[in-house]
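**Student:** Sharing a structure with you now.
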Amino acid sequence: MLIPNTSPTFLPWEESEPSPRWGEIFANDNPLALEIGCGVGDFITQMAALHPTTNFIALDFYNKGCIKTCKRVDKAGLTNVRVLRAEARSFIEACVPLGSLRTVVINCPDPWPKLRHRKRRLVNSGFVSYLHPFMQPDADFYFSTDFVDYGLDVAEFMTAQPGFINQLAPDPFRHTLEGYPLSKYMRRFLDLGQPIYYVHYRRA
Ligand SMILES: C[S@@+](CC[C@H](N)C(=O)[O-])C[C@H]1O[C@@H](n2cnc3c(N)ncnc32)[C@H](O)[C@@H]1O
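The working numbering runs 185 ahead of the 1-based position in the sequence shown.
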């Protein structure tokens, strides 16, 4: 049994249901940003406070993470965030209008370190191609990871990814990104002395 999430920030949505009407939900037509795998919501809470004229969708299929994210957002008094419990592709397919996302953020996705599990990784060239039509021209794509192999892999395939321009050129990745808040996982790995790999591209 799932613990019910009663926060006003939580948007209950089931796969068979029609898409939420974002303009009505946020009561404005501000640009939309999507964080895939928001975890416990510390990143999105900081981002939403820094960018009050952007509407943030925090997505995770982990119920307790959604509850913690809502608590953080509510405590901060933010009205520009909605939290949904859903799988990324199913949600995007059903609820994200083509060309509507101003920003897509994926921080420290599960690294699936074992070689035979690598194909389970969320972020690969196919997934970024899938995201492309849902993003506005000039939309930002941010990826971060503490996992060296994952960071190098994303940095490398992105250099050949059609329709995206590297915003960190000539570097394929960096270990710091000004103005970009730390997530729980980033903080955890920085505390262990492990660098974060940041990748930042923009839709052409
Ligand atoms: C390792 S945690 C990182 C959490 C957070 N981004 C951070 O940096 O602290 C990865 C999160 O992504 C979520 N996740 C993984 N695959 C997902 C998918 N396909 N759709 C939605 N959430 C997903 C997991 O439930 C988990 O909360």
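The beta carbon of each residue, even a glycine, is placed where N, CA and C say it ideally should be.
#1: Using DSSP's beta-bridge definition, name the partner residues of A271.
#2: Do you know whose CA, among G311, T239, A261, G224, lies nearest N248's CA?
#3: What is the rounded straight-line gap between the Cα of M232 and the Cα of I350?
#4: For the alpha helix (DSSP H) holding S310, just list the boundary residues, first then last.
#5: For T194, would you say it is in contact with chain C, using Cβ-to-Cβ distances shorter than 8 Å as the test?
#6: Report the residue ranges of all alpha helix (DSSP H) runs contained in full by the region 225-289; include only those spanning at least 4 residues, in chain order.
#7: Using only the heavy atoms of ligand 1, determine whether one of them is closer than 7 Å to the beta carbon of F332.
#8: Using a threshold of 8 Å, state whether the C-beta atoms of L196 and V290 are closer than that.
**Tutor:** On the basis of the supplied data:
#1: DSSP lists no partner for A271.
#2: Checked all of G311, T239, A261, G224; the closest Cα to N248 is G224.
#3: 23 Å
#4: 310-316
#5: Considering every chain present, this structure includes no chain C. It has just one protein chain.
#6: 227-235, 248-260, 273-280
#7: no
#8: no
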